[in-house]
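Asks:
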Amino acid sequence: MRTIGYAAESAHAPLTPFHFARRALRADDVAIEILYCGVCHSDLHSVNDDWGMAAFPLVPGHEIVGRVIDTGPEVARYKVGDNVAVGCLVDSCQHCDQCDKGHEQYCRNGFTATYGSPDPVSGEMTHGGYSRHIVVREKFVLSVPDSLDLARAAPILCAGITTFSPLRAWGVGKGSRVGVVGLGGLGHMAVKLAVAMGASVTVISRTDSKQDMAKALGAETLLASSDSGAMQAAAGTFDLIIDTVPVKHDINPYLPLLDIDSTLVLVGQIGPLDEPLTVPMIFGRRRVAGSLIGGLPETQEVLDFCAAHNIHPECEMIRMDEINAAFDKLSAGDISRRYVIDMASLQDQA
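So for the sequence shown, our numbering puts the first residue at 10; every next one is plus one.
Rendered as structure tokens:
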């Protein structure tokens with residue numbers, strides 16, 4: 010299948026139109042016309058090769074919503090015309106203990122990412138959702154509930170599952186006290202999801218400039234990390250803190266905020282951390298943990314949860330040819346919404 014997308018030809022290069030072929034359908038493949046694709050901060054990291062593992066040319070995009078246009082002969086769950094989604098993973102070994110548990114993101118043999126990974130059959134590099142079409146193994150295709158707005162659902166596939174998974178893993182529910190560090194693409198979803206689970210939620214931000222925004226999302230208040238008095242007063246008041254900041258930063262100011270036996274979970278930063286202070290950890294049996302997206306069952310669960318609770322990401326729709334300007338804005342600071350690309354804008358470039 011010939012298609013068109015936008016690709017970076019090298020690190021830090023602008024994304025430009027890129028014609029390429031999707032694979033011919035295998036027996037268990039689903040061919041999808043992409044309608045919308047979210048723009049994740051990790052797309053920007055990948056294009057800049059910040060993690061030193063990008064493969065070029067690179068077509069980013071792992072927050073994908075589309076419509077089935079063809080299926081392989083063994084596909085049973087989907088038919089032409091179904092609204093579907095694809096997230097950060099498109100394959101895994103399917104036989105290790107983690108895959109058996111539905112935790113494909115922790116596959117012992119390594120998962121296949123939606124872009125920038127070698128396909129386990131052909132060895133060719135995968136290309137992501139900044140394109141008009143994609144072909145994905147049925148197991149890694151998700152159903153989009155009818156009540157979700159297709160134009161706003163795409164960020165659930167990464168921003169949603171990345172924050173939903175640790176909220177579930179650490180048992181957040183009615184009465185839980187949750188802090189959310191950062192109010193960007195991930196942070197605003199963490200707030201909405203935790204509130205829907207019954208938690209008392211506080212946004213932790215550098216200043217109080219986003220106080221109104223935090224409350225509009227359902228948070229009870231905002232704690233300014235630059236206010237030393239407020240930080241001291243908040244010591245020991247959180248059961249869980251979700252840190253969504255996507256760049257290197259000091260986590261030590263947040264550790265005293267945790268109650269005894271509580272956890273700070275990193276979901277945004279990939280790379281070396283400044284060494285955490287041991288005193289607040291030892292004296293409160295506090296933990297620093299990490300969490301990576303979610304497996305297929307949990308990703309379907311967050312789609313269904315968002316549908317049941319009428320949760321949609323805060324989105325700004327852009328054309329495909331506006332992606333480089335959007336990347337510039339992401340680089341400049343945290344954006345309290347998710348850019349979503351309308352793939353209909355690619356039609357005039359075919």
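We treat Cβ as the ideally placed atom computed from N, Cα and C, and that holds for glycine.
1) For the region 306-323 against the region 152-168, are there 3 or more C-beta pairs whose distance is under 8 Å?
2) Distance check for A36 and S9, CA to CA, integer angstroms please.
3) On the three-pair Cβ rule with 8 Å, is the region 310-318 touching the region 289-302?
4) Can the beta-carbon of I302 be found closer than 8 Å to that of C46?
5) Is D268 helix, strand or coil by DSSP?
6) I need the DSSP call for R177, collapsed to helix, strand or coil.
7) What does DSSP give as the partner residues of L273 in its beta bridges?
8) Between the Cα of K88 and those of F29, V150 and F27, spot the shortest distance and give me the residue it belongs to.
9) Under 8 Å between C-beta atoms, does V256 make it to chain B?
10) Grab me the residues of Q220's own chain with a C-beta within less than 7 Å of its C-beta, minus the 5 sequence neighbours each way, in chain order.
11) Using CA coordinates, which residue listed in L98, A160 and A208 is at the minimum distance from L176?
12) List the residues that DSSP assigns as beta-bridge partners of M134.
13) For the beta strand (DSSP E) that contains P26, what are its first and last residues?
14) Quick check on DSSP: helix, strand or coil for L230?
Replies: Reading from the atomic positions:
1) yes
2) What the structure shows of the chain is the stretch from 10 to 359, and residue 9 is not part of that stretch, so it cannot be assessed.
3) no
4) no
5) strand
6) helix
7) DSSP lists I250 and V297 as the bridge partner or partners of L273.
8) Looking only at F29, V150 and F27, the smallest Cα-Cα distance to K88 is reached by V150.
9) Absent from the structure: chain B. Only one protein chain is present.
10) Its chain contains L231 as the residues whose beta carbon lies nearer than 7 Å to that of Q220, once the 5 sequence neighbours on both sides are disregarded; these appear in chain order.
11) A208
12) P127
13) Taken as a continuous stretch (DSSP letters only), the beta strand (DSSP E) holding P26 covers T25 to A30.
14) Reading off the sequence shown, one finds Thr at residue 230, where the question assumed Leu. Reduced to three states, the DSSP call for T230 is strand.
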